[in-house]
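Student: Numbered per my numbering, the sequence shown finishes at 571, counting up by one with no gaps.
All residues carry an ideal CB built from backbone N, CA and C; glycine is no exception.
The structure displayed is predicted, hence computed values, not measured ones.
Below you'll find the structure I mean.
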Amino acid sequence: MIIAADVTNPYTGQQGAAWQFGRQKGGIDTTLAFLDKQAGKIAQQIKDFWEVDLDDIPGSGAAGDIGGALFLLGAKMVSGFDLVSQITGLEKKIEQADVIITGEGRIDQQTIHGKVPYGVAVLAKKYRKPIIAICGSRDQELEGLSDFLPIVLSIHLGPIGLEEAMEHRQTLEKTKILGQTLSRFFTILPK
381 MIIAADVTNP YTGQQGAAWQ FGRQKGGIDT TLAFLDKQAG KIAQQIKDFW
431 EVDLDDIPGS GAAGDIGGAL FLLGAKMVSG FDLVSQITGL EKKIEQADVI
481 ITGEGRIDQQ TIHGKVPYGV AVLAKKYRKP IIAICGSRDQ ELEGLSDFLP
531 IVLSIHLGPI GLEEAMEHRQ TLEKTKILGQ TLSRFFTILP K
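If you want it as structure tokens, here you go:
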């Protein structure tokens with residue numbers, strides 16, 4: 381069994397599943413602390429019984445800690461990005477491209493932990509290709525990520541609620557505006 385995970389987060393702690401992904405699901409600090417504490421108890425029992433520290437296994441926090449459970453069942457953890465990149469020949473395509481455009485629903489501090497836009501950005505940097513990332517929303521600060529993704533454009537330009545952000549007509553209109561902006565940008569690039 382192979383687990384192709386797009387993140388390298390550990391099982392518990394500030395970089396673990398509860399804290400890193402729980403907020404995206406609407407979790408508040410008290411709930412996230414409780415979930416992380418419970419995951420810590422499970423991790424300790426696993427460490428005591430199997431002598432495996434899930435926090436030392438990159439990706440064990442993937443998919444709400446399911447990565448750690450599957451690892452215990454004998455699964456081999458691999459980078460989802462690396463696997464798909466290899467199958468599709470992505471690196472060669474990036475090497476041959478003039479400009480790279482990547483994207484994701486949300487670009488934030490989590491992106492640097494193995495998400496697709498980060499993997500694409502690493503390859504773009506390797507081949508010195510300009511790269512633009514497009515997302516539904518983004519963190520205001522992208523510390524550590526801006527060296528790889530210098531241009532991150534969000535479809536939604538201001539603070540809005542999730543319901544409004546997911547409304548198809550509005551998102552389609554904002555995506556169209558962003559597309560027109562990018563089109564104008566490409567017309568000013570040297571040939």
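Whole angstroms are fine: how far does the CA of K509 sit from the CA of L552?
Tutor: 28 Å
Student: What residues in its chain sit with their C-beta under 8 Å from that of W430, if we drop five residues either side in the sequence?
Tutor: L452
Student: Classify E521 as helix, strand or coil using the three-state DSSP reduction.
Tutor: Three-state result, E521: coil.
Student: According to the neighbour-count rule (16 or more other Cβ atoms, all chains shown, within 10 Å of its Cβ), is M457 buried or exposed?
Tutor: buried
Student: Would you check if there are 3 or more beta carbon pairs closer than 8 Å linking the segment 394-409 to the segment 436-448?
Tutor: yes
Student: If you reduce the DSSP assignment to three classes, tell me which class K506 lands in.
Tutor: helix
Student: Would you please state the rounded distance, in angstroms, between the beta carbons of G448 and L434? I believe it to be under 8 Å.
Tutor: 4 Å
Student: So who's on the other strand from I540, going by DSSP bridges?
Tutor: According to DSSP, I540 bridges with nothing at all.
Student: Just to confirm, is the Cβ distance from L533 to L503 under 8 Å?
Tutor: no
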